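What follows is a short report on a single structure.
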Amino acid sequence: MTELGTLEDLPLDYRKGLTAKNLVPLWPSLRAALPHGIPTRRTRPVVWKYDDIRPRLMQAGDLTPIEKAERRVLVLANPGLGLENMQATPSIYIGMQLILPGETAPNHLHSPSAVRFVVEGQGGYTVVNGEKLPMDKGDLILTPSGLWHEHGHEGDGPVVWLDALDLPTVYAMEASFCIEGESQTVRNQPDASQNYFTRAGLAPMSALGRPKDAYALKRFPWRDVRTSLEALASVTNKGEAVQLAYVNPETGEPCMPVLGFSAILLRPGETISPVRRSSSAVINVVEGQGQAIVDGVELDWGDSDTFAVPTHAVLQITNTGTRPAYLFQVDEAPMQRKLGFYQEFPTG
Ligand code: 1HN
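In my numbering, the protein residues as written are 69 to 416.
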């Protein structure tokens with residue numbers, strides 16, 4: 069590799085002249101911008117234990133009324149990226165949100181896209197463009213860019229869900245903003261997962277003649293995901309990942325444009341070594357216990373824990389328990405594919 073010239077190689081006068089005119093020489097920074105072979109990653113492989121999050125979230129419930137928070141959230145911030153930047157990985161925002169019985173979180177829309185993945189509790193709901201979506205444990209709820217959404221809680225006990233947003237990317241583009249609105253009128257029909265899209269391979273006849281709905285399905289009930297994972301496991305060799313992607317049933321494409329979502333089943337004692345990918349990931353444990361080795365760092369995980377996987381990381385995940393483990397994965401592969409640089413690197 070050729071040694072490139074440094075800033076200090078340049079006469080001070082010349083450097084000052086460049087600065088005065090808002091100009092910067094590329095060659096002293098070229099290797100940092102384009103490292104050879106593998107990107108420089110500041111993202112750390114870390115685990116956020118639910119046992120650390122939950123009591124602090126409940127404390128927030130006492131300390132901060134919902135009116136003073138709008139969204140009562142503790143953000144899972146990766147220490148390698150600066151806690152203040154609210155990035156679990158460079159392109160993934162993750163928060164844990166608490167809503168208490170009777171509370172409502174007001175209606176708004178924004179340019180970033182969000183999903184909710186329910187961690188605990190019953191009776192929560194989100195209204196998305198007039199469609200009331202129940203939130204049971206493990207359900208995935210989409211609140212895409214530009215769609216009105218508000219939350220509520222009609223049950224007992226706390227409801228906690230994980231928010232995943234493409235906020236870091238949208239914010240970096242100086243394109244992140246929000247509009248507040250009046251509470252929505254709920255349409256008098258259950259969510260589309262309960263009537264229009266109840267089975268793979270079946271779509272309402274009326275869907276055939278019209279343009280594809282970018283967000284045909286806004287709720288993916290965990291009950292169905294779990295059943296589908298178990299069916300897939302029955303025909304998948306041990307050591308091969310049992311993994312299902314959440315897709316738009318009308319297009320077969322990832323259900324959101326920037327972030328991708330998938331569910332993984334790990335059989336007791338099973339280890340999987342997914343290919344190295346150019347995208348980062350955040351993994352939440354629906355249930356089970358095990359260990360991940362991420363770029364050589366050992367992370368122990370249990371129920372409702374969450375861990376970060378940097379881009380290009382070497383990853384191994386083991387279910388150390390005696391029952392199946394279920395994981396929920398967020399990554400930015402859909403965005404990287406659209407931008408034309410998504411890659412998988414065979415390991416070994
Ligand atoms: C948001 O709209 C929600 O609607 C939660 O529940 C977390 C974090 C950043 C920006 C918008 C919500 C958010 C958010």
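Ideal Cβ positions, reconstructed from N, Cα and C, are used throughout, including at glycine.
These figures come from a predicted structure and were not determined experimentally.
message: Using only the alpha-carbon positions, how far apart do residue 145 and residue 317 sit?
response: In the sequence shown, counting from the first residue as 1, residue 145 sits at position 77. In the sequence shown, counting from the first residue as 1, residue 317 sits at position 249. Approximately 33 angstroms between the Cα atoms of the pair.
Taking only runs of the beta strand (DSSP E) that begin and end inside the segment 219 to 260, which ones reach a length of at least 3 residues, in chain order?
Along the segment 219 to 260, the beta strand (DSSP E) occurs as fully enclosed runs of 3 or more residues at 227 to 233, 246 to 248, listed in sequence order.
- prompt: Considering only the beta carbon of each residue, do residue 402 and residue 327 sit closer than 8 angstroms?
  reply: Here residue 402 refers to the residue found at position 334 of the sequence shown. Here residue 327 refers to the residue found at position 259 of the sequence shown. For residue 402 and residue 327, yes; Cβs fall inside 8 angstroms.
Quiz prompt | Same chain, Cβ closer than 8 angstroms to residue 306, five either side skipped, listed in chain order | solution = As a working note, residue 306 is residue 238 in the sequence shown. These residues qualify, in order along the chain: 335, 338.
(message) What does the alpha-carbon distance come out to for the pair residue 128 and residue 140?
(response) Working through the sequence shown from its first residue, we reach residue 128 at position 60. Working through the sequence shown from its first residue, we reach residue 140 at position 72. Approximately 7 angstroms between the Cα atoms of the pair.
Quick check: the segment 375 to 388 against the segment 290 to 298, are at least 3 beta-carbon pairs closer than 8 angstroms? No contact exists between the segment 290 to 298 and the segment 375 to 388.
Going by the C-beta, is residue 165 closer than 7 angstroms to any heavy atom of the ligand 1HN? Translated into the one-based positions of the sequence shown, residue 165 becomes position 97. Under cutoff, so the answer is yes.
Contact check, residue 201 vs residue 267, beta carbons under 8 angstroms = Looking up residue 201 in the sequence shown gives position 133. Looking up residue 267 in the sequence shown gives position 199. 8 angstroms or more divides the Cβ of residue 201 from the Cβ of residue 267.
### Message
Shorter than 7 angstroms, the distance from the beta carbon of residue 217 to the closest heavy atom of the ligand 1HN, or not?
### Response
Position 149 of the sequence shown, counting from 1, holds the residue named residue 217. The nearest non-hydrogen atom of the ligand 1HN is less than 7 angstroms from the C-beta of residue 217.
- Query: Distance, Cα to Cα, residue 340 vs residue 182?
  - Reply: Stepping through the sequence shown from its first residue, residue 340 is reached at position 272. Stepping through the sequence shown from its first residue, residue 182 is reached at position 114. Their Cα atoms are separated by approximately 28 angstroms.
message: For the ligand 1HN, I want to know if residue 231 counts as a neighbour, meaning its beta carbon is within less than 7 angstroms of at least one of the ligand's heavy atoms.
response: The residue you call residue 231 lines up with position 163 of the sequence shown. Checking every heavy atom of the ligand 1HN against the Cβ of residue 231, one is found closer than 7 angstroms.
Query raised in the report: Going by the C-beta, is residue 139 closer than 7 angstroms to any heavy atom of the ligand 1HN?
Result: Numbered from its first residue, the sequence shown carries residue 139 at position 71. For the ligand 1HN, at least one heavy atom lies less than 7 angstroms from the Cβ of residue 139.
query = residue 112 to residue 358, Cα distance in whole Å?
reply = In the sequence shown, residue 112 corresponds to position 44, counting from 1. In the sequence shown, residue 358 corresponds to position 290, counting from 1. Cα to Cα, the separation comes out at about 19 angstroms.
Query raised in the report: What three-state label does DSSP hand residue 76 in the structure shown?
Result: For this step, residue 76 is matched to residue 8 along the sequence shown. DSSP places residue 76 in helix when its eight states are reduced to three.
Is residue 161 closer than 8 angstroms to residue 210 when the C-beta atoms are compared? Translated into the one-based positions of the sequence shown, residue 210 becomes position 142. Translated into the one-based positions of the sequence shown, residue 161 becomes position 93. No, Cβ-Cβ distance for residue 210 and residue 161 is not below 8 angstroms.
Handout entry: DSSP-derived helix/strand/coil call for residue 404
Key = In the sequence shown, the residue the question calls residue 404 occupies position 336. Looking at residue 404 - three-state DSSP - the assignment turns out to be helix.
Check your understanding: Any heavy atom of the ligand 1HN closer than 7 angstroms to the CB of residue 239?
Key -> The count along the sequence shown starts at 1 and reaches residue 239 at position 171. Residue 239 has its CB no nearer than 7 angstroms to any heavy atom of the ligand 1HN.
| said: Given a cut-off of 8 angstroms on the beta-carbon distance, is the pair residue 186 and residue 207 in contact? | reply: For the purposes of this step, residue 186 is taken as residue 118 along the sequence shown, with counting starting at 1. For the purposes of this step, residue 207 is taken as residue 139 along the sequence shown, with counting starting at 1. Yes, they are a contact pair.
Problem - Residues near residue 73 in its chain [Cβ-Cβ closer than 7 angstroms; skip 5 each side] - result: Along the sequence shown, read from residue 1 onward, the residue named residue 73 stands at position 5. The beta carbon of residue 73 sits closer than 7 angstroms to those of 95, 96, all from its chain and outside the five residues before and after it, given in chain order.
task: Name the residue from 70, 157, 322 whose alpha carbon lies nearest to the alpha carbon of residue 115.
output: For the purposes of this step, residue 115 is identified with residue 47 of the sequence shown, where counting begins at 1. Nearest C-alpha to residue 115: 157.
*Hey, which unbroken runs of the beta strand (DSSP E) at 3 residues or more fall wholly within the segment 279 to 363?*
Within the segment 279 to 363, the complete beta strand (DSSP E) segments at least 3 residues long are 310 to 313, 328 to 334, 349 to 355, 358 to 362, listed from N- to C-terminus.
**Continuous alpha helix (DSSP H) stretch holding residue 192: start and end** = Reading the sequence shown from its first residue, position 124 is the one you call residue 192. First-last for residue 192: 192 to 196, but that is the beta strand (DSSP E), not the alpha helix (DSSP H).
(Q) Assuming contact is defined by CB atoms lying nearer than 8 angstroms, are residue 172 and residue 184 in contact in what I supplied? (A) Residue numbering aside, residue 172 sits at position 104 when the sequence shown is read from its first letter. Residue numbering aside, residue 184 sits at position 116 when the sequence shown is read from its first letter. Against a cut-off of 8 angstroms, the Cβ pair of residue 184 and residue 172 comes out as no contact.
Which residues share a DSSP beta bridge with residue 202?
-> The residue you call residue 202 lines up with position 134 of the sequence shown. Beta-bridge pairing links residue 202 to 193.
Are the CB atoms of residue 214 and residue 177 nearer to each other than 8 angstroms? Residue mapping note: residue 214 aligns to position 146 of the sequence shown, counting from 1. Residue mapping note: residue 177 aligns to position 109 of the sequence shown, counting from 1. Cβ distance < 8 angstroms, so residue 214 and residue 177 count as in contact.
Determine, using beta carbons only, whether residue 398 and residue 350 come nearer to each other than 8 angstroms. Here residue 398 is taken as the residue at index 330 of the sequence shown, counted from 1. Here residue 350 is taken as the residue at index 282 of the sequence shown, counted from 1. Yes, Cβ-Cβ distance for residue 398 and residue 350 is below 8 angstroms.
Just the Cα atoms here: how many angstroms apart are residue 273 and residue 92?
As a working note, residue 273 is residue 205 in the sequence shown. As a working note, residue 92 is residue 24 in the sequence shown. About 59 angstroms.
What first and last residue would you give for the alpha helix (DSSP H) that runs through residue 162?
Numbered from 1 along the sequence shown, position 94 holds the residue referred to as residue 162. DSSP places residue 162 in no alpha helix (DSSP H) but in the uninterrupted beta strand (DSSP E) bounded by 161 to 167.
Let me check you understand the geometry: is the CB of residue 176 closer than 7 angstroms to at least one non-hydrogen atom of the ligand 1HN? On the sequence shown, position 108 is the one that residue 176 refers to. Residue 176 Cβ: within cutoff of the ligand 1HN.
| query | Comparing alpha-carbon positions, which option in 180, 229, 198 lies nearest residue 204? | reply | Position 136 of the sequence shown, counted from the first residue, corresponds to residue 204. Residue 229 is the option with its Cα nearest to residue 204.
Discussion item. Between residue 235 and the ligand 1HN, is there a pair consisting of the residue's CB and a ligand heavy atom that are separated by less than 7 angstroms?
Written reply: The sequence position of residue 235 within the sequence shown is 167, counting from 1. Within the cutoff, so yes.
**Asked** Cα separation between residue 280 and residue 265?
**Response** Working through the sequence shown from its first residue, we reach residue 280 at position 212. Working through the sequence shown from its first residue, we reach residue 265 at position 197. Approximately 14 angstroms, taken between the alpha carbons.
Handout entry: Residue interval of the beta strand (DSSP E) (run including residue 173)
Key = Within the sequence shown, residue 173 is the residue found at index 105, counting from 1. Start and end: 172 to 178.
For a test of your reading of the model: does the CB of residue 156 fall under 7 angstroms from any non-hydrogen atom of the ligand 1HN? Yes or no. Indexing the sequence shown from 1 puts residue 156 at position 88. It does not: the Cβ of residue 156 is nowhere closer than 7 angstroms to a heavy atom of the ligand 1HN.
Starting from the C-beta of residue 253, find all residues in its chain whose C-beta is less than 7 angstroms away, skip the five residues before and the five after it, and write them out in chain order. Here residue 253 is taken as the residue at index 185 of the sequence shown, counted from 1. Within its own chain, the residues whose Cβ lies closer than 7 angstroms to the Cβ of residue 253, once the five positions on either side in sequence are excluded, are 198, listed in chain order.
**Q.** Alpha carbon of residue 83 to alpha carbon of residue 154, nearest angstrom
**A.** Within the sequence shown, the letter at position 15 stands for residue 83. Within the sequence shown, the letter at position 86 stands for residue 154. Spanning the two alpha carbons is a distance of roughly 35 angstroms.
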